[in-house]
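Per my numbering, residue -19 is the first one in the sequence shown, and the count goes up by one each step.
Positions of the beta carbon are idealized from the N, C-alpha and C atoms, including for glycine.
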Amino acid sequence: MASEFSREAYDENDARGKKAIRDFLDSKGIPTVVHEDYGPDIKALLEAFCEVEIKRGWEGEWPQNWGKVRIPARKKRLFKDGKRIIFFVLNNDCTKAFRVFSSDIKDEYLENIPNSWSPEGEMFYNIPKDVGVFMDIVV
C-alpha cells in the first residue's frame, strides 16, 4: 500500500532535489525546465541529430551470420565536440533499423575491414549487436 502524500516531506525535499538534478544536467550541457503538472518533475531539452545509413544487403530480418553492425569510421566527425548523434542503420526496404547512440560508439570497436568499395580495407566501427537496439520502423 502506498504511503500518503506528506506536504512536510515535499516542502523539505522537492526544490532541493530538483535543483541538484538541474545543476547536474546543466553541467553536462543539457538545459532543463521544471515541469509542474503532477507528472515528471523536470523536462530535459536534449538536442540530438540523426544519421541514417541503408545496408543494402540487409533484407528482412538481421542476418544471423552478421555478428556486428558496421558504421564507417569517417562518421566520427559528426559527433565531435560532444554532439549527440543517433545512428540508424536501416535494412534495404527501410522497415527495420539498428539504433545506436554516438555515446555508445567506442574507439575499441574500430577495425580495418576490406569490402567491395575498398578491397584494401576501410576503417569501420564494428559494433556488437547488444550495444544498440534493433527496431521496426513503423509509421
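Asked                                                                                                  : Found
Proximity winner among -5, 77, -13 and 1, relative to residue 41 (alpha-carbon distances)              : 77
Distance CB(residue 95)-CB(residue 103) smaller than 7 Å                                               : no
Endpoints, beta strand (DSSP E) assigned at residue 70                                                 : 65 to 70
Nearest-angstrom Cβ-Cβ length linking residue 89 and residue 71, presumed shorter than 8 Å             : So it is not a contact: roughly 21 Å between Cβ atoms.
Inter-stretch contact at 8 Å, needing at least 3 Cβ pairs: the stretch 62 to 71 / the stretch 30 to 38 : yes
Any non-hydrogen atom of the ligand ZN closer than 6 Å to residue 6 Cβ                                 : Within the structure as shown, the ligand ZN is missing, as the structure has no ligands at all.
Closest residue to residue -2 among 28, 14, 48 and 79 (Cα-Cα distance)                                 : 14
Same chain, Cβ closer than 6 Å to residue 12, five either side skipped, listed in chain order          : 2, 5, 22 and 24
Secondary structure of residue 24, DSSP reduced to three states                                        : strand
Helix, strand or coil at residue 116 [DSSP, three-state]                                               : strand
DSSP state of residue 59 mapped onto helix, strand, coil                                               : helix
When 75, 86, 44 and 101 are compared against residue 116, the one with the closest alpha-carbon        : 75
Residue 108 and residue 48 closer than 7 Å at C-beta                                                   : yes
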